[in-house]
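Step one of this worksheet: look at the structure below.
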Amino acid sequence: SDETDGSETVLNLGVYLSLLDRVIRKYKDPLQFTIKDEEYCSVLRLVATKRCLKKETTEECYERLMKDSEEFEKIYHERKVLSDVLTHKYFWGTRQQLLCGKVIADWIDTDRNTAIDPIFGALLCPCGGRVGPGDAGWMHSVFFDDRGFMAYHSAVHDAFGYLITYHGKGPGYDYMKKSKLGRFNPLSGQYDGISFWRNYLKMKVMPDDLVRSTFVMIFGGINSDGIMLL
Numbered sequence: 002s003d004e005t006d007g008s009e010t011v012l013n014l015g016v017y018l019s020l021l022d023r024v025i026r027k028y029k030d031p032l033q034f035t036i037k038d039e040e041y042c043s044v045l046r047l048v049a050t051k052r053c054l055k056k057e058t059t060e061e062c063y064e065r066l067m068k069d070s071e072e073f074e075k076i077y078h079e080r081k082v083l084s085d086v087l088t089h090k091y092f093w094g095t096r097q098q099l100l101c102g103k104v105i106a107d108w109i110d111t112d113r114n115t116a117i118d119p120i121f122g123a124l125l126c127p128c129g130g131r132v133g134p135g136d137a138g139w140m141h142s143v144f145f146d147d148r149g150f151m152a153y154h155s156a157v158h159d160a161f162g163y164l165i166t167y168h169g170k171g172p173g174y175d176y177m178k179k180s181k182l183g184r185f186n187p188l189s190g191q192y193d194g195i196s197f198w199r200n201y202l203k204m205k206v207m208p209d210d211l212v213r214s215t216f217v218m219i220f221g222g223i224n225s226d227g228i229m230l231l
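Count along the sequence shown starting at 1, add 1, and that's the number in this note's numbering.
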C-alpha cells in the first residue's frame with residue numbers, strides 16, 4: 002500500500018524525488034530553473050541508482066535521465082508556473098504517483114520516439130494519483146484502494162486533467178468521452194471512468210499494461226465495457 006506515515010528515513014526513490022522537487026522549487030521564477038544546477042545534477046545521480054532499466058548501468062541511467070531532463074526543462078519553462086506542493090511526503094515515488102506520471106510522460110510530447118521517464122511526469126504533477134482534489138488528505142485515506150479501480154481511475158483522471166489544463170493536450174478529465182460536463186471540468190468523467198476500471202479489473206487482466214498504453218485506450222482499443230477491441 003502507498004499509505005504509510007512516511008517517518009522512516011530510508012534513502013529510497015521517494016526521498017530522492019522529494020529532494021529533486023525541492024531543488025526545482027528553489028527557483029521562484031520557473032523560467033530561471035536550469036538542469037545545469039549542480040545540486041540538481043547531484044540529486045539526479047541518486048535518482049539514477051533507483052531507476053535503472055534492465056541491463057542499464059547507473060551511469061547509463063543517469064545519462065538517459067539527463068537527456069529527459071532537457072525535455073523536462075523545456076516543458077517546465079513553457080508552463081511558467083511552479084508545480085503544486087505535495088505535503089504528504091510519503092507519496093513521493095510511490096507506484097500510484099508514478100502511474101499518473103507515466104500517463105503524463107506518454108502524452109506530454111507525442112512527437113518523441115520514446116516518452117520521458119515517469120518521474121518527470123510526477124515532478125510536473127506531484128499530487129497526481131491521489132484520490133480527491135489536489136493534495137487530498139482524508140479522501141485519499143478513505144477511498145484509496147491500492148491496485149483497485151479507484152487507484153487506476155485517480156491516476157488516469159488526474160493525469161489527463163493536468164495535461165488538458167496546463168498543456169492543452171489529451172482528452173481531458175472526460176477521458177472516456179461520455180460525459181456532458183466537458184473536458185475541463187474535474188467532475189467530468191468520474192462515473193464513467195470508475196465504471197470502466199471496475200469492469201476491467203473484473204476481467205482479471207493486468208491493468209498496468211493498459212496504463213502503459215493509454216493511446217490504445219483512448220483511440221478505440223477498448224470499449225466502454227472494458228473489452229479489448231484489437
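All C-beta atoms, glycine included, are put in the ideal place defined by N, C-alpha and C. Computed from a predicted model, the values in this text were never measured in an experiment.
- Separation of the CB atoms of Ile109 and Lys170 is rounded to 7 Å, and the pair is thereby assigned contact status at 8 Å.
- In summary, Phe185 is exposed, with fewer than 16 beta-carbon neighbours lying within 10 Å of its beta-carbon over all protein chains present.
- Nearest to His154 by alpha-carbon distance, out of Thr111, Gln98, Tyr63 and Ser84, is Gln98.
- For Pro134, there is no enclosing alpha helix (DSSP H), since its DSSP letter is neither H nor E.
- Beta-carbon to beta-carbon, Gly149 and Ala123 are separated by about 21 Å, too far to satisfy the 8 Å threshold.
- Setting aside the 5 residues that flank it on each side, Pro119 is surrounded in the same chain by Leu99, Gly102, Lys103 and Ala106, each with a C-beta closer than 7 Å to its C-beta; the list follows chain order.
- Here Met204 is exposed, its C-beta having fewer than 16 other C-beta atoms within 10 Å.
- Burial check for Arg52: the Cβ neighbour count within 10 Å reaches 16 or more, so the residue is buried.
- Nearest C-alpha to Leu18 among Leu54, Thr95 and Phe34: Thr95.
- Comparing alpha carbon positions, the residue from Val157, Thr59, Asn13 and Arg26 closest to Phe92 is Asn13.
- Of the other Cβ atoms in all chains shown, 16 or more fall within 10 Å of the Cβ of Ser189; this residue is therefore buried.
- When the beta-carbon positions are compared, Leu45 and Leu66 come within less than 7 Å of each other.
- Counting only the Cα atoms, Arg23 lies some 10 Å from Glu40.
- By the Cβ-count criterion, Pro172 is buried, with 16 or more other Cβ atoms from all chains shown falling within 10 Å of its own Cβ.
- Around the beta carbon of Leu164, 16 or more other beta carbons lie within 10 angstroms, which makes this residue buried.
- By the neighbour-count criterion, in which 16 or more other beta carbons inside 10 Å mark a residue as buried, Leu54 falls on the exposed side.
- Taking the CA atoms as reference points, Thr50 sits about 10 Å from Glu61.
- Asn200 carries a helical assignment under DSSP once its states are collapsed to helix, strand and coil.
- The Cβ-Cβ distance between Asp159 and Gly129 falls below 7 Å.
- DSSP places Thr166 within a helical segment (H, G or I) once states are collapsed to three.
- By alpha-carbon distance to Ile195, the top candidate from Arg113, Tyr167 and Asp146 is Asp146.
- The shortest CA-to-CA distance from Val157 to any of Leu182, Glu72, Asp136 and Arg131 is the one to Arg131.
- Lys81 places its beta carbon 7 Å or farther from that of Pro127.
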